[in-house]
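Novice: One structure coming up, written as structure tokens, with questions to follow.
2 protein chains.
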Amino acid sequence: MNTRKYKLTIAYDGTAYQGWQLQKVGLGVQEKVEGALARLYPSAPRLHSSSRTDTGVHALGMVAHFEVPLAEAKLPARRIALALNAWLPDDIRVQASVKAAKDFHARFHASGKQYRYYVWNLHAMNPLLEKTAWHVTRKLDLKRMRAAAKAFPGEHDFQSFTAKTDYEPGTTTRRLTRCDISKSGPLYTFTIEGEGFLYRMCRGIVGTLVQIGFGRFPPGEVKTMLAKKDRRTAGMSAPAHGLVLQKVFYKRPLPVRRLKS
Amino acid sequence: MNTRKYKLTIAYDGTAYQGWQLQKVGLGVQEKVEGALARLYPSAPRLHSSSRTDTGVHALGMVAHFEVPLAEAKLPARRIALALNAWLPDDIRVQASVKAAKDFHARFHASGKQYRYYVWNLHAMNPLLEKTAWHVTRKLDLKRMRAAAKAFPGEHDFQSFTAKTDYEPGTTTRRLTRCDISKSGPLYTFTIEGEGFLYRMCRGIVGTLVQIGFGRFPPGEVKTMLAKKDRRTAGMSAPAHGLVLQKVFYKRPLPVRRLKS
């Protein structure tokens, strides 16, 4: 059957959702977007996303693709975002819609992802960041955190920084390409980029860095944590609501099929 | 009577409030903070703020002072913020509390203020900025806006950029020290600093710059608008919810008494 494929870039405030994926209990973002797609296309296409996000995690640049029979492909690609947004709630907004190559796959062809994590470090919270930053009241030491963050880029076994899950078989080795921290007043922004991520890996990294910022672990400890391959050796998991899937990277030309988390 | 004076730095999400000031109808932020002060001090001190903000406008660095009889001044200055926050709703957070000089006045001694205004320029809104950015769907031209913004710093009669009000007598001349625009993806941040501001002046400036960004006026038109001293010659007023009172500046030593808007 002749079909046409489209790529969507989706932003959402994860507060009200049980994460990206269809849920047995609660509401997934994917379900909402598929509901809107079914309003536009009688074939009710499934969405294939670059990533999952956890309950409460936000996204600015989630990428997903879908495919429709050519006979249904009447709406110009760039109008699809507008049409979907008309059916979607305000906390989910399709930022862009474009035609994709026949063999494009949002997940398999993603060459990397960028996450951002926001921490507000003051006794009092910033009321404008209530839903999107972790409120940490204990004083953070930026120098210590930056020293520790240097240990993350590169290829490592991240078993000590991931939560156990039953849907993620295979290796726990991943390559991070960036892990840095910027500061503007009491606001810390952690930027983490990598080719792939394990379940709750970003939150494990940020939680550990924050505890290093408290003085709970020495900055040099990250290497030992990585080497031990045991979740209990690393620090806490940072809460979901400070995390944003910022963007997903794709190489051109599309790389060979490769499984990504 | 012997008294002690304190300076507060207050952040709030203005969404739920009819602005800073006590309102005949609706709720003011000042009222809320004074309510919390009355829990700590039997004399129920009045708050004197650096500025007013309009309905829906936010603040990160609103400054206000209050004075209590020495006999009531038992709480260490830096603990006052914590104690007030215990009584305040989550959308108002006292960020800092310090002892102030006897003659300190949050309004009369303010040497300047910085406002930020956020615009999200894409067909679809960023759901994480729903409450704090103006959603402008028409394409903006940054170069045009930047060229136009250059006309604002300096001393001008800003009558064309202010809304009429009955509580603001006197001159409409003000000195702006900064008016610039930064861009990160679809997010535009307008930073406006000045010694004093007229009613709705920032929103008039941003609304006009955005309309210049559309092509509604040529960038050179700002000079003419300023010269005409007539609100109808300038552009629209940007909506309240994109505006944040970022900080208030004080000189040391305190300057002589000077009336500020």
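If you read the protein sequences in the order shown, they are chains V and F.
Residues in the first sequence are numbered from 2 upward in steps of one, following my numbering.
Residues in the second sequence are numbered from 2 upward in steps of one, following my numbering.
Note that the Cβ used here is the ideal one computed from N, Cα and C, for glycine as well.
1. List, in chain order, every chain F residue whose beta-carbon is nearer than 7 Å to that of V/T133.
2. What does a CB cutoff of less than 8 Å around V/E73 pick up in its chain, not counting 5 residues either side in sequence?
3. Taking F/A82 as the query, report the chain A residues whose CB atoms sit under 7 Å from its CB, ordered along the chain.
4. Name the chain V residues whose beta carbon is nearer than 9 Å to that of F/A12?
5. Whole angstroms are fine: how far does the CA of F/L83 sit from the CA of V/R175?
6. Could you tell me the alpha carbon to alpha carbon distance between V/K144 and V/D181, rounded to whole angstroms?
7. Just grab the DSSP bridge partners of V/Y200 for me.
8. Which residue marks the beginning of the alpha helix (DSSP H) containing V/G36, and which one marks its end?
9. Is the Cβ of V/Q19 closer than 8 Å to any Cβ of chain F?
10. Against chain F, does V/R40 count as a neighbour if the rule is that its beta carbon must be under 8 Å from one of theirs?
11. Between V/D14 and F/P128, which are expected to be in contact by the criterion C-beta below 8 Å, what is the C-beta distance as a whole number of angstroms?
12. Taking 8 Å as the cut-off, decide whether the C-beta atoms of V/R204 and V/T192 are in contact.
13. So within the segment 113-164 of chain V, which uninterrupted alpha helix (DSSP H) runs reach at least 4 residues, ignoring any that extend past its ends?
14. Identify the residues that DSSP records as bridge partners of V/A111: which are they?
15. Between which two residues does the alpha helix (DSSP H) carrying F/K8 extend?
16. For the beta strand (DSSP E) containing F/T225, list its first residue and its last residue.
17. Suppose contacts are defined by Cβ-Cβ distances below 8 Å. Is V/P220 in contact with V/A149 by that definition?
18. Return the first residue and the last residue of the alpha helix (DSSP H) that V/R53 is part of.
19. Taking Cβ positions, are V/E65 and V/L9 nearer each other than 8 Å?
20. Rounding to the nearest angstrom, what Cα-Cα distance links V/K223 and V/A152 in this structure?
21. Please work out which residues of its chain come closer than 6 Å, Cβ to Cβ, to F/T16, disregarding the five sequence neighbours upstream and downstream, and give them in chain order.
22. Taking Cβ-Cβ distances below 7 Å as the criterion, which residues of the segment 77-109 of chain V are in contact with chain F?
23. With DSSP run on the structure shown, which of helix, strand or coil describes V/V26?
24. In chain order, what residues of the same chain lie with their CB nearer than 6 Å to the CB of F/M126, ignoring the 5 residues before and after it?
25. From the DSSP output, read off the bridge partner residues of F/P70.
26. Which residues of chain F have a Cβ atom closer than 8 Å to the Cβ of V/L61, listed in chain order?
27. Where do the ends of the beta strand (DSSP E) carrying F/L177 lie?
28. Taking the beta strand (DSSP E) that F/A1 falls in, what are its first and last residues?
29. What residue from F/T163, F/Y200 and F/Y118 has the CA that sits closest to F/K184's CA?
30. Can you list, in chain order, the residues of its chain with a C-beta nearer than 6 Å to that of V/V95? Leave out the 5 residues immediately preceding and following it.
31. Rounding to the nearest angstrom, what Cα-Cα distance links F/K140 and V/G62 in this structure?
32. Using alpha carbons as the reference points, say which of F/A134, F/G197 and F/V207 lies closest to F/L188.
33. For F/S51, which residues from the same chain have a beta carbon less than 6 Å from its beta carbon, with the 5 sequence-adjacent residues on both sides left out?
34. Inspect the beta-carbon positions of F/M146 and F/G214 and report whether they are closer than 8 Å.
35. Looking at F/K33 and F/K103, is the spacing between their C-beta atoms short of 8 Å?
36. Throw me the rounded Cβ distance for the V/A60 and V/V245 pair, which I believe falls under 8 Å.
Specialist: Concretely, from the data shown:
1. Using a Cβ-Cβ cut-off of 7 Å, V/T133 is close to L129 of chain F, given in chain order.
2. Only Y42, P43 and S44 meet the Cβ criterion.
3. No chain A appears in this structure, whose protein chains are V and F.
4. Close partners of F/A12 in chain V (Cβ separation under 9 Å): A125, M126, N127, P128 and L129.
5. So the alpha carbons of these two residues sit roughly 43 Å apart.
6. Computed Cα separation, rounded: 11 Å.
7. For V/Y200, DSSP records no beta bridge to any residue.
8. Per DSSP, the continuous alpha helix (DSSP H) segment holding V/G36 begins and ends at V30 to L41.
9. It does not: the Cβ of V/Q19 has no partner Cβ on chain F nearer than 8 Å.
10. Not an interface residue.
11. The pair is a contact, with the Cβ atoms about 4 Å apart (cut-off 8 Å).
12. Against a cut-off of 8 Å, the Cβ pair of V/T192 and V/R204 comes out as no contact.
13. Annotation: the segment 113-164 of chain V contains the following complete segments of the alpha helix (DSSP H) (minimum length 4 residues), in chain order: 143-150.
14. As a beta-bridge residue in DSSP terms, V/A111 pairs with V/Y251.
15. No alpha helix (DSSP H) contains F/K8, which is instead part of the beta strand (DSSP E) from T4 to Y13.
16. Membership of F/T225 in any beta strand (DSSP E) is not indicated; the residue belongs instead to the alpha helix (DSSP H) covering E222 to K229.
17. Yes; because the gap between Cβ atoms is below 8 Å, this pair is in contact.
18. For V/R53, there is no enclosing alpha helix (DSSP H), as DSSP marks it with neither H nor E.
19. Here the sequence assigns Ala to residue 65 of chain V, which means Glu is not the residue at that position. Contact: yes.
20. The sequence as given places Val at residue 223 of chain V; Lys does not occur at that position. Between V/V223 and V/A152, the C-alpha separation is close to 7 Å.
21. So the list reads K132, once near-sequence residues are dropped.
22. Result list: A82, L83, N86, D91, D92, I93, R94, V95 and Q96.
23. Shown here, V/V26 sits in coil according to DSSP, grouped into three states, outside any helix or strand.
24. The beta carbon of F/M126 sits closer than 6 Å to the beta carbons of H136 from its chain, once the five residues preceding and following it are set aside; these are given in chain order.
25. In the DSSP secondary-structure assignment, F/P70 is bridged to F/T4.
26. Under the 8 Å cutoff, chain F gives N127 and L129.
27. Going by DSSP, F/L177 is part of the beta strand (DSSP E) stretching over T174 to S185.
28. Given that chain F is displayed from residue 2 to residue 262, the structure contains no residue 1 of chain F and the question cannot be resolved.
29. Selected option, being the one with the closest Cα: F/Y118.
30. Excluding positions up to five away in sequence, the list reads L9, I11, A82, L85 and N86.
31. Approximately 20 Å, taken between the alpha carbons.
32. Residue F/A134 is the option with its Cα nearest to F/L188.
33. Listed in chain order, the non-local C-beta contacts of F/S51 below 6 Å within the same chain comprise V64, A107, R108, A111 and V249, local neighbours out to five positions each way being set aside.
34. Inclusion of F/M146 and F/G214 in the CB contact set at 8 Å is warranted, their separation being smaller than that value.
35. In this structure, F/K33 does not lie closer than 8 Å to F/K103 by Cβ.
36. Taking the Cβ atoms as the reference, V/A60 lies roughly 6 Å from V/V245, within the contact range of under 8 Å.
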